[in-house]
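Let me begin by presenting the structure, written as structure tokens, before commenting on it.
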Amino acid sequence: MPEKSLFERNLLALSMYNSGLARELSAEHGTTSGCRVVFQRAKTGSLIPALGEDSSALPLHSTFNPEREGERFKELYTGNGFLLFLGMGAGYHIAPFLAQPEVSSILIIEESLPLFRTILEHIDCHHIFLDPRVKVLVDKSSREIEEYLLATYIPALLGDLKSIPLWPRFNASREYFKGVLKTVEETINQIADDYSVQAAFGKKWFANTLSNLPTAEFTSTTLSPRKKVMVTGAGPSLEDSIKEVKKLRKEYFLIASDTSLPCLMAHDCPPDCVISIDCQQVSYHHFLAGYPRGIPLLLDLASPPVLTRLSDKLLFFSSGHPFSQFVNRNWRRFPFIDTSGGNVSHAAVSLAVNLGAREIALFGVDFSYPEGKTYARGTYLYRHFQSRETRFMPAETRFLNLIFRNKTVLRERDSGFLRYTIKPLLTYKESLETFAGRIEARIVHRRVKGQSLAVPANPGGPAGGINELFAAGPAGTSAREFLFEYREALFTLTRPFNPVVNYLHSLNKDERDLWTTLLPALAALRVEARGETPDGALLLEKTRQYALARLIALVRE
131 MPEKSLFERN LLALSMYNSG LARELSAEHG TTSGCRVVFQ RAKTGSLIPA LGEDSSALPL
191 HSTFNPEREG ERFKELYTGN GFLLFLGMGA GYHIAPFLAQ PEVSSILIIE ESLPLFRTIL
251 EHIDCHHIFL DPRVKVLVDK SSREIEEYLL ATYIPALLGD LKSIPLWPRF NASREYFKGV
311 LKTVEETINQ IADDYSVQAA FGKKWFANTL SNLPTAEFTS TTLSPRKKVM VTGAGPSLED
371 SIKEVKKLRK EYFLIASDTS LPCLMAHDCP PDCVISIDCQ QVSYHHFLAG YPRGIPLLLD
431 LASPPVLTRL SDKLLFFSSG HPFSQFVNRN WRRFPFIDTS GGNVSHAAVS LAVNLGAREI
491 ALFGVDFSYP EGKTYARGTY LYRHFQSRET RFMPAETRFL NLIFRNKTVL RERDSGFLRY
551 TIKPLLTYKE SLETFAGRIE ARIVHRRVKG QSLAVPANPG GPAGGINELF AAGPAGTSAR
611 EFLFEYREAL FTLTRPFNPV VNYLHSLNKD ERDLWTTLLP ALAALRVEAR GETPDGALLL
671 EKTRQYALAR LIALVRE
């Protein structure tokens, strides 16, 4: 086949599922400047690319039988899950995996656009590009590769990610591909953290949000803009700072985390509002001593429904959960609070920013256990442990067990005292520091004996300075009608089939949005399968049936 016709055939196949790359190749207008590649015949007659010139050229595949070499790749690497190929070559090492339905997705990464184009001008690869599971990234930065993985790699659905290098190609551009591997590793670690949270809480997020919508339909509490805001966490330093908090009480708007509320009330220092983000029932323990009347309670849409009975001034907010975002777009707009930091103090700072705060003072936000103390006195764990202490198991021992149950406990000496910290607390601290660098508000951290917070002295980020009410918008319909329509939309979705990437490609945007609302619940159901290799289609259908059962039960109430 003439080169032009072969290239056009490859380009047409590529345009089916990699249209952006096809346009880039078309824009090259046949230029392959700087590309040193020759083509050799293997003993079997197959054409293989070789990097370099003449006799010194480096073949990218076996010069004897590249097809058999490709089969050995399949034998060496288990053909299931998400496969990442480092180097395209002529695709002999990729083709054998296309026949395996257990392969959920294939990502090919190549460094050189001229090299990629030259190969497509000489070798027929259209059978690879016609597979909907195949995505090709050429000459992409680390950031672009990271963004692609974050947007498309769903561990619960696609399985484990495996890297498969084409070693001659890898070694020819070693620095580039080593950088790719580093980016992939860092991104997968980030995805794994998100996945573990979804697996733990995905079903609770979904079920709680469903149950809260009938209540959320009628809430009308608002918060007005504030320039000076205090945030209280439940760290031990709150005890040492309580006098200063009370002194500043008239000058600052006080946002209390749910964990810090009992301590504040014990010192006769009621806050202006309380925020809670935990989806677990245990968060109810923070309110066992009672909730003060007339004080707004801000709840994530995914908070336990039992909390909605505590206050006569509820204000729901939306976070990053997919179903909450869907509710926001399609039913009623709720104000957004950033809960990505993973802890309630981070969310409280986000609330302060949304209120237009120019100065945010933090108290009891320690990110550590100064002198082995976990929480300020008055918080619910004190009552809980003291009610269960014995001569052989005093409350102090239970508090220490909270610290040392962690795999890694770091010890620090600071001004004559010992401070403990653990990885999750340091992760929370780093997230808040990153967030602080993006906002205009000045953060003042009253740390006492806790971890110091590295915040910019002269912040200049885009967030902050908002001067509008923090409130929900009007509901488009009744909650019952919205839930009925959502149930019907899920019910009418086409039944999933394998490979799931092919199924997802067959859906329109609205249908994909519906499945996105179920992804956290899907992660939880995947974990309940006890680590078995997921059948993507069955897992999707199981998740849909779980959601429909919850919806049917709720609509009947």
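Quick note on our numbering: the sequence shown kicks off at 131 and runs consecutively.
Each residue gets a CB set at the ideal place from its N, CA and C atoms; glycine is no exception.
| Item | Value |
| --- | --- |
| Looking only at its chain, what residues have a beta carbon closer than 8 angstroms to the beta carbon of Gly-309, apart from the 5 residues adjacent to it on each side? | Ser-272 |
| What's the gap between the Cα of Thr-351 and the Cα of Leu-444? | 6 angstroms |
| Consult DSSP for Pro-295 and reduce its assignment to one of helix, strand or coil. | strand |
| Can you name the residues that DSSP bridges to Gln-170? | Ile-178 |
| Thinking just about the alpha-carbon of each residue, which of Gln-410, Val-479 and Tyr-207 is nearest to the one in Ala-386? | Val-479 |
| Given this structure, state the Cα-to-Cα distance separating Pro-483 from Pro-285, to the nearest angstrom. | Per the sequence shown, residue 483 should be read as Val rather than Pro. Their backbone Cα atoms lie some 33 angstroms apart in a straight line. |
| When we look at the beta-carbon of Gly-590 and count the other beta-carbons within 10 Å, is it buried (16 or more) or exposed? | The predicted model places Gly-590 with a pLDDT of 48, which falls under 50 and marks its position as unreliable, so this point remains unresolved. |
| Out of curiosity, what's the CA-to-CA distance linking Ser-117 and Ala-654? | The question about residue 117 has no answer, for the chain in this structure spans 131 to 687. |
| Short check: CB of Ile-249 to CB of Ile-224, under 8 angstroms? | no |
| Cα separation between Asn-319 and Lys-357? | 38 angstroms |
| In terms of residue numbering, what span does the beta strand (DSSP E) encompassing Ser-350 cover? | It is not in any beta strand (DSSP E) - Ser-350 carries neither H nor E in the DSSP assignment. |
| Count the other CB atoms within 10 Å of the CB of His-635; is the residue buried (16 or more) or exposed (fewer)? | exposed |
| Can you tell me which of Tyr-512, Leu-340 and Pro-355 puts its alpha carbon nearest to the alpha carbon of His-415? | Tyr-512 |
| Once the 5 residues before and after Leu-384 are set aside, which same chain residues still bring their CB inside 6 angstroms of it? | Met-360, Pro-401 and Asp-402 |
| In terms of alpha-carbon separation, which member of Gln-410, Phe-522 and Arg-625 lies closest to Pro-434? | Gln-410 |
| At the level of alpha carbons, what is the spacing between Ser-519 and Pro-392? | The sequence shown places Glu at residue 519, not Ser. About 20 angstroms. |
| How would you label Gly-150, buried or exposed, when you count the other beta carbons within 10 angstroms and need 16 or more for buried? | exposed |
| Tell whether a beta-carbon distance below 8 angstroms holds between Gly-666 and Leu-427. | no |
| Assuming Gly-211 is part of the beta strand (DSSP E), what are its boundary residues? | 211 to 216 |
| Going by DSSP, what residue range makes up the beta strand (DSSP E) through Tyr-550? | 547 to 552 |
| Would you call the CB atoms of Ser-608 and His-476 closer than 8 angstroms? | no |
| Output the distance between the C-alpha atoms of Leu-181 and Val-233, rounded to the nearest integer angstrom. | 30 angstroms |
| Cβ of Leu-296 within 8 angstroms of Cβ of Gly-219? | yes |
| Can you list the beta strand (DSSP E) stretches of 3 or more residues lying completely in the segment 211 to 291, in chain order? | 211 to 216, 233 to 240 and 264 to 268 |
| Please tell me whether Phe-565 and Asp-496 are closer than 8 angstroms, where the distance is taken between their beta carbons. | no |
| Could you check how far apart the C-beta atoms of Arg-379 and Cys-399 are, in whole angstroms? I think they sit under 8 angstroms. | 7 angstroms |
| With burial defined as no fewer than 16 other Cβ atoms inside 10 Å of the residue's Cβ, what is the status of Leu-669: buried or exposed? | buried |
| Give me, in chain order, the residues of the same chain whose beta-carbon lies closer than 6 angstroms to that of His-451; leave out the 5 immediate sequence neighbours on both sides. | Trp-335 and Ala-432 |
| Mind checking who Glu-501 pairs with in its DSSP beta bridge? | Partner(s): none; Glu-501 has no beta bridge. |
| In terms of residue numbering, what span does the alpha helix (DSSP H) encompassing Met-360 cover? | No alpha helix (DSSP H) contains Met-360, which is instead part of the beta strand (DSSP E) from 358 to 362. |
| Do Thr-362 and Ser-406 have their C-beta atoms closer together than 8 angstroms? | no |
| Drop a sphere of 10 angstroms on the beta-carbon of Lys-312, count the other beta-carbons inside from all chains shown, and report buried for 16 or more, exposed for fewer. | exposed |
| In three-state terms, what does DSSP make of Gly-590? | Note that Gly-590 scores 48 on pLDDT, short of 50, meaning its location in the model is unreliable; the coordinates nonetheless yield the value given after this. In this structure, Gly-590 counts as coil in the three-state DSSP scheme. |
| Could you tell me whether the segment 494 to 508 touches the segment 541 to 550, using the rule of 3 or more Cβ pairs below 8 angstroms? | yes |
| Let me know if Lys-377 comes out buried or exposed under the rule of 16 or more other beta-carbons within 10 Å of its beta-carbon. | exposed |
| Would you decide whether Ile-573 is buried or exposed? Buried here means 16 or more other CB atoms lie within 10 Å of its CB. | buried |
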